[in-house]
Every structure is written in C-alpha cells, then in structure tokens.
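Written below as structure tokens is the structure these notes are about.
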Amino acid sequence: MKKTSPWAWIPTLYFAEGLPNVVVTALSIVMYMQMGLSDAEVGLYTGWLALPWVIKPLWSPFIDLLKTKRWWVLAMQLLMGSALAGIAFTLPTALWFQGSMAFLFLMAFASATHDISADGFYMIELDAHNQSKYVGLRNTFYRLAVIFVNGALVSLAGLLEHHFHMTVVYTWTLIFYALAAIFIGIYLYHCKMMPRPAEDVSSEKSVSEVAHELRIIIGSFFCKFG
Numbered sequence: 001m002k003k004t005s006p007w008a009w010i011p012t013l014y015f016a017e018g019l020p021n022v023v024v025t026a027l028s029i030v031m032y033m034q035m036g037l038s039d040a041e042v043g044l045y046t047g048w049l050a051l052p053w054v055i056k057p058l059w060s061p062f063i064d065l066l067k068t069k070r071w072w073v074l075a076m077q078l079l080m081g082s083a084l085a086g087i088a089f090t091l092p093t094a095l096w097f098q099g100s101m102a103f104l105f106l107m108a109f110a111s112a113t114h115d116i117s118a119d120g121f122y123m124i125e126l127d128a129h130n131q132s133k134y135v136g137l138r139n140t141f142y143r144l145a146v147i148f149v150n151g152a153l154v155s156l157a158g159l160l161e162h163h164f165h166m167t168v169v170y171t172w173t174l175i176f177y178a179l180a181a182i183f184i185g186i187y188l189y190h191c192k193m194m195p196r197p198a199e200d201v202s203s204e205k206s207v208s209e210v211a212h213e214l215r216i217i218i219g220s221f222f223c224k225f226g
C-alpha cells in the first residue's frame, strides 16, 4: 500500500490546529467589541475561553481509551466546523451573546482535544527523523492560520462593513459561515488524505488505570509547585 506523503496532511492538520485557537482567543474579542460590548465585559467573558487549553492534560489520558487518534482528529474537526456554523446562526438572534459564547466554549474544548489527538497522530505516523524534519512545516502552517485570522479575516470584516456597507451583525455572520465552510472542507479532505497508521489503536488500559496515573501526575504537580 502506497504511503501518504506528509506534505498531503501536515500543512492542513496544523492549519486546522491553529485556526480555532486564534478564533476563540483573538477573533472573538474583535467581534464582541464591534458588537458593542465594553472592554471590561469583553475581558471578563472571553478570558474564560482559554481555560480548555490550560486544563486539557486532565482528559488527555482518557482519549485513547475510546477511539483512535485519527478518529478524534476528524470528529473534533467536524465538531468545530459545526460550532462555527452555530455561532453564525445565533449572531442575528436575540440570544446572540449567550449562543455565541456557548459555541465558542464548545469549540475551545474541541480544539484542545484536537491538539492532543493531532500531536499524538503526528508522533505515531512519523518516525523520529521525520518528526524533526517536518517540525518547521507544522509550525509554519500553524502560524499561517494565526496570520489568516488576525490579518485576512479582520481586514475582510472591515471591508464588508465599510466598503459594502453591511451591518456588523451580517458581516460577522458571513465571516463565521465562511470559517465553518473552511473547517468542513478540511474535515472532508482529511477523511480521504490522512493515513491510517497500524499503531493508531485504542489503548488497552482500563479507565481506573488511567485515572490512577492521572492522580499521580496531579499529585506530583502539586508537590512540586505547592
């Protein structure tokens, strides 16, 4: 069976890893400020959105118990695409803030889980030499995702609002529908192009064994920094 080239999936995988992170932690701030929230309100509410990336080690050991890393990557990409569409759908409604925050939290948890699975998949599919060889490629496309959101999408929002005289709500609705389409496209592409490593199997450990290991890790952390 012909082996899939890393160039066929690493760029899109790490673009997909960077995109939701910057959408949640940066683009949402721009959107909420343009939607009329004060600096204090934006800081108070959006500050919590970064929490899933902070606490993701708490559930990372349990991921391998259920499905393969490839499955988790694809499932989280589909979930994030759906969450982006959900944001776009709720923005024109009366509950736009509550709805968009709920979907942003969902996307943040999905993104943190995607990070764990994508990095694990990278380690399984590539040997040590190729892991080092392609680290620059993965970092490049992660940064391109940041530039795309902070540069291209923010500029596009300004262009739609000021040049085409669209309302702020309609502008951001279009932006998030476009992001949803991009993510669903990435998901469909990866369904075909991501390889299926033989080593990518569910863990044989039990939930109690993983929970015990996690307690040891947490206990060591608090002993070290407590």
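Going by this note's numbering, the letters in the sequence shown line up with residues 1 to 226, in that order. Ideal Cβ positions, reconstructed from N, Cα and C, are used throughout, including at glycine.
As the crow flies, the alpha-carbon of Gly-120 is around 30 Å from that of Leu-153.
Around Leu-37, the same chain offers no residue with a beta carbon nearer than 6 Å, after the five sequence neighbours per side are excluded.
Between Pro-92 and Val-169 the beta-carbon gap is near 6 Å, inside 8 Å, which marks them as a contact. Under the three-state reduction of DSSP, Gly-81 is assigned to helix. By the beta-carbon neighbour count (other beta carbons within 10 angstroms, threshold 16), Lys-133 is exposed. The criterion of a C-beta distance shorter than 7 Å is satisfied by Thr-113 and Met-76. Cβ atoms of Thr-12 and Ile-186 come within 8 Å of each other, at about 6 Å.
At a Cβ-Cβ threshold of 7 Å, Val-54 and Val-146 do not count as neighbours. Counted as a single uninterrupted DSSP element, the stretch harbouring Met-166 is not any alpha helix (DSSP H), since DSSP gives it neither H nor E. Nearest C-alpha to Thr-171 among Glu-17, Thr-4, Ala-110, Gln-34: Gln-34. Just so you know, the alpha carbons of Met-194 and Ala-8 end up roughly 8 Å apart. Burial check for His-163: the Cβ neighbour count within 10 Å stays below 16, so the residue is exposed. Excluding residues up to 5 positions away in sequence, Thr-68, Lys-69, Arg-70, Ile-124 lie with their Cβ nearer than 6 Å to the Cβ of Asp-200 in the same chain. For Val-201, the three-state secondary structure derived from DSSP is coil. Here Ala-118 is not near Val-149, since their CB atoms are 7 Å or more apart. Pro-52 has its alpha-carbon roughly 18 Å from the corresponding atom of Ser-82. Distance from the CA of Leu-174 to the CA of His-129, rounded to the nearest whole angstrom, comes to 43 Å. Residue environment for Ala-180: buried (at least 16 other C-beta atoms within 10 angstroms of its C-beta). Closest by C-alpha distance to Ala-198, out of Leu-126, Cys-191, Leu-84, Pro-61, is Leu-126.
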